[in-house]
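The number in my numbering is simply the position in the sequence shown, starting from 1, with 412 added.
The structure under discussion appears below in the form of C-alpha cells.
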Amino acid sequence: MIIGFRAKGGSISETAEFVNCSRAAVVKVYRAWQNGTVQNQRRGKCGAPRAIDDRGERRLRRCVRADRRATVEQLTTKMNQGATKSVSQSTIQRTLLRLGLRSRRLVRAPMLTAVHRRRRLEFARQYSSWTSTEWRQVAFSDESRFMLHRTDGRWRIRRETSERNHPATIAGTVQAGGGSIMVWGMFSWHSLGSLIIVEGTMDQYKYASVLADHVHPYMRIVFPQDDGIFQQDNARCHTAASVRAWFEEHQDEFTVLPWPANSPDLNPIEHLWDHLDRVVRAMDPQPRNLAHLATALESAWLNIPENTFRDLCDSLPARLAAVRSAKGPKVLVFYPEVREYLYGVRIKRKFNPPYLCFLFYIRSNIALSKLLVLTQESSYICKINQKEQ
C-alpha cells in the first residue's frame, strides 16, 4: 500500500497517515522499492509437519482402492500396522478429505452379464457408421413409473443438532409412495409423440393398443416415406407373439430397431423421464393425488424444449462410441452432474462413479465436441470428430 500510494503522488506524510504507520517506515519501504531490494516478507510454513507424508498418502489411497467399503476405523488400523508412529482416526479422516476420497452413496445401475456386454458391444459396432442423420430417423420409446410421494435418499440438508425434528428437516413417508402412475411415451428428433397414462401395468394387450392408436399414426405422419425406425426395449410385453405379429404386418411402413438387453443408458428417453420428474418435483404446490400427478406429467411433457430432445437424439453416436471404448460395460450413470452436462449447463463439481459413464458438452454450433469417459480404475478422454450441426 505504501508503494502504491507514493507512486500515485502521495507525500510521505499523507502516505503515513493513510497507511497508519510512521514517516520513517514509509521512507524505508519506498527507498527499498526504488533500489530494487524489496523482499517478500511472508512468513514461511509454520507448525508441525503432517503426520501422514506423501508416501503415507499413497499408501492410504491404495488401502481405499483395495476395499472401497472400509470405514475410517478400519483404515486407521491398516495404516497403523507396522508403523513406527501411529495416527488417529481424525488424522485419517482429514487426509481422506484432502485427497478427495469422500464417503459417497453407491450408484444403482443394472447388472450386466457377459452376454449383455457382448451384445452391447456388437450393437455398438454394428451401428458405428451411423451419424446423427441416421439416428434422426429413429423414434425412441419406453415406459416409466412416477410415484406421487417420493423421498429421494440422495437429498441432503443443513441443520443444527437441535433441529433434528424441525418440520423442514423431515421427509415424510407414506406406504407405497402414496400410489404411482405408469406412463408410456415416444419421441424422435423431429417431434415429441404422445404421453400415454397406462392403467395398472403394461401388458401385451395394452401395448398392442398403444401401437395401433399411437405408434402407427406417429410413424406415418413423421416418416411419410416409410423410412422410419421404431425403437423399443426387450420388456416381456414388447416381445410377445401378438406384438411381434403386429410388427410383421407393418414391416413395409417402418422397421423395428433390434435393441440390446439391459441397456436403458443407451435410450435417450430416460433423460426425458428424469426431466419430467425434476419439473414435477419443482412444482408448488405439489400434486395431491394421482389425477393431479397425471395432469402435471402431461403438462411437463408438452413443454419439453425442442432443443432438449433433439440434442438427446444427436447423442447416440457418442453413446455407442463409449460402449466401444469400454468393450461393452455400462456407459451412463444418471448423476445430476451428468444431467446438467446433457442440458448444456456446465458446472464445476467432481464425481467418481463406479461404472463407466460419459459426458458430452453440447454447444450452440457443435453437435459432439468432447467425450469424457470415466472408469472405475482410470479416466481417459476419447475425442470425437467435431461435426457442425
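Ideal Cβ placement from N, Cα and C applies to all residues, glycine included.
Quantities reported herein were computed from a predicted structural model and do not represent experimental measurements.
In the displayed model, THR489 falls within a helix according to three-state DSSP.
Around the beta carbon of LEU518, fewer than 16 other beta carbons sit within 10 angstroms, so the residue counts as exposed. Put simply, the backbone Cα of SER544 is about 41 angstroms away from that of ARG700. By the Cβ criterion, the segment 626–645 is in contact with the segment 548–559, since at least three pairs of Cβ atoms, one from each stretch, lie closer than 8 angstroms. For the pair PRO680 and CYS725, the CB atoms are nearer than the 9 angstroms cut-off. The Cβ atoms of PHE558 and LEU714 do not sit closer than 9 angstroms to each other. The Cβ atoms of MET598 and SER606 sit closer than 9 angstroms to each other. Looking at the DSSP output, GLN643 sits in a beta bridge with LEU669. Here LEU678 has ARG731 as same chain residues with Cβ atoms under 6 angstroms from its own Cβ, once five neighbours each way along the sequence are excluded. For HIS683, the closest alpha carbon among the candidates ALA708, ALA463, LEU511, ASP723 is that of ASP723. Under the three-state reduction of DSSP, ALA738 is assigned to helix. In the three-state reduction of the DSSP assignment, GLU611 falls in the coil class. With a minimum length of 3 residues, there is no unbroken run of beta strand (DSSP E) contained wholly in the segment 473–550.
The segment 627–636 and the segment 658–668 touch, with no fewer than 3 CB-CB distances between them shorter than 8 angstroms. SER727 is bridged by DSSP to nothing; it lacks a bridge partner. Per DSSP, the beta-bridge partners of ILE593 are PHE558. Between ARG736 and SER540, the C-beta spacing is below 9 angstroms. Around the CB of GLN446, fewer than 16 other CB atoms lie within 10 Å, so the residue is classed as exposed. Boundaries cannot be given for PHE635, as no alpha helix (DSSP H) includes it and DSSP labels it neither H nor E. In its chain, beyond the 5 residues on either side, PHE558, LEU560, ILE593, VAL692, PRO699 have a beta carbon closer than 8 angstroms to the beta carbon of LEU705.
Nearest neighbour of ARG470 by Cα position, chosen from GLY512, ALA444, VAL439, turns out to be GLY512. Per the DSSP secondary-structure output, MET695 pairs with nothing in a beta bridge. Sixteen is the threshold: since fewer than 16 other Cβ atoms of the shown chains lie within 10 Å of the Cβ of PRO697, the residue is exposed. Under the three-state reduction of DSSP, SER603 is assigned to coil, being neither helix nor strand. Scanning its chain for C-beta atoms nearer than 7 angstroms, with the 5 sequence neighbours on each side dropped, one finds around ALA620 the residues SER654, VAL655, TRP658, in chain order. TRP671 is a Cβ neighbour of ASN646, given a cutoff of 9 angstroms.
In this structure the segment 473–485 lies against the segment 496–514, because at least three pairs of beta carbons, one per stretch, are closer than 8 angstroms.
Partner residues in the beta bridge of SER553, as assigned by DSSP, are MET598. If the five residues before and after GLY591 are omitted, its C-beta is found closer than 6 angstroms to the C-beta atoms of LEU560, LEU702, all from its own chain and listed in chain order. ILE415 is not a Cβ neighbour of CYS433, given a cutoff of 9 angstroms. Annotation: the continuous alpha helix (DSSP H) that includes ILE424 extends over 424–431. With fewer than 16 other beta carbons inside 10 angstroms of its own, GLN486 counts as exposed.
Between SER425 and ARG435 a beta carbon distance of about 6 angstroms is seen, short of the 8 angstroms cut, so the two are scored as contacting. Comparing alpha-carbon positions, the option among VAL484, VAL499, TRP601, LEU533 lying closest to GLU546 turns out to be TRP601. ALA460 carries a coil assignment under DSSP once its states are collapsed to helix, strand and coil.
The criterion of a C-beta distance shorter than 9 angstroms is satisfied by VAL499 and ASN492.
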